[in-house]
Amino acid sequence: MKMSEELEGEFIKQITREYESSFLYRQLAIEMDVRDLPGMASWLRAQSAEELAHADRLIDHLTDRDNHPVIGDISIPSIKVEKIQDVFEIALEAERAVSEGIRTLYRQAEDERDLDSRPVIDWFISEQVEEESTVSEILGRLRMVDGDGSGVLRIDAELASTGA
Numbered sequence: 001m002k003m004s005e006e007l008e009g010e011f012i013k014q015i016t017r018e019y020e021s022s023f024l025y026r027q028l029a030i031e032m033d034v035r036d037l038p039g040m041a042s043w044l045r046a047q048s049a050e051e052l053a054h055a056d057r058l059i060d061h062l063t064d065r066d067n068h069p070v071i072g073d074i075s076i077p078s079i080k081v082e083k084i085q086d087v088f089e090i091a092l093e094a095e096r097a098v099s100e101g102i103r104t105l106y107r108q109a110e111d112e113r114d115l116d117s118r119p120v121i122d123w124f125i126s127e128q129v130e131e132e133s134t135v136s137e138i139l140g141r142l143r144m145v146d147g148d149g150s151g152v153l154r155i156d157a158e159l160a161s162t163g164a
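Start counting the sequence shown at 1; every next residue gets the next number (our numbering).
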């Protein structure tokens, strides 16, 4: 069943957000690469790839329903990283924005009583809870070590084992 133009528009906005998030994570990975933190860079690159997979999931939902997905204009904010903690603060802010977009999508689908969108939207809601929690935990640990080199290197090593 084809969805309304309004709901399709919300899906397209979310597809665009996922691409923006992917590019943001990739830039953050570069920031860690230039600081010789390969574990964090690897983890951030994996997040970038995951955001592209999220966009694909949304695109597939639209095409499966005979809608026409497009990628909107991509805008990536300029980032300034002075300390490692900044990278994960930026990531958490981005995840919160993605979560809000998913909630907006949910509300639109509910308003239209579009039951066919529920499974994909419900999956994204659960995914975003996990994403925000993970980034928040990393950020909390970075705040704990407060720039201490050995602490940062330990977190970097741990993320190396989970990022790829």
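By construction, the Cβ of each residue, glycine as well, lies at the ideal position given by its N, Cα and C atoms.
Alpha carbon to alpha carbon, how far is residue i from residue j?
i    : j    : result
R143 : R35  : 18 angstroms
R154 : L115 : 46 angstroms
I90  : L52  : 18 angstroms
D146 : V70  : 42 angstroms
I12  : Y25  : 20 angstroms
A109 : S150 : 48 angstroms
E8   : D148 : 47 angstroms
Q14  : A55  : 8 angstroms
F23  : T104 : 22 angstroms
A97  : S78  : 16 angstroms
A160 : E6   : 41 angstroms
L139 : S21  : 18 angstroms
W123 : A49  : 18 angstroms
I125 : L37  : 31 angstroms
M3   : R107 : 14 angstroms
V152 : E10  : 39 angstroms
S117 : D111 : 12 angstroms
Can you list, in chain order, the residues of its chain with a C-beta nearer than 7 angstroms to that of residue i? Leave out the 5 residues immediately preceding and following it.
i   : result
M32 : M40, A41, L44 and V87
Which term fits residue i, buried or exposed, when burial requires 16 or more other beta carbons within 10 angstroms of its beta carbon?
i    : result
A164 : Confidence at A164 is low in this model, with a pLDDT of 48, below 50, so the placement of that residue should be treated as unreliable; the coordinate-derived value is given next. A164 comes out exposed.
R17  : buried
G101 : buried
E137 : exposed
S75  : exposed
D156 : buried
S133 : exposed
Of the residues the options, which one's Cα is nearest the Cα of residue i?
i    : options                  : result
V135 : Q85, I79 and V120        : Q85
L92  : L28, H61, S117 and G9    : L28
Q47  : E95, V120 and Y106       : E95
M1   : D73, R113 and Y19        : R113
I30  : I59, V120 and K80        : K80
D73  : Y19, R118, R107 and S117 : Y19
Which same chain residues end up closer than 8 angstroms to residue i when comparing Cβ atoms and leaving out the 5 residues on each side of it in sequence?
i    : result
K83  : G147
V120 : R57, L58 and H61
Please return the same chain residues whose Cβ sits closer than 6 angstroms to the Cβ of residue i, not counting the five positions on each side in sequence.
i    : result
E158 : none
For the segment 59 to 67 against the segment 125 to 134, are there 3 or more C-beta pairs whose distance is under 8 angstroms?
Output reads no: the segment 125 to 134 does not touch the segment 59 to 67.
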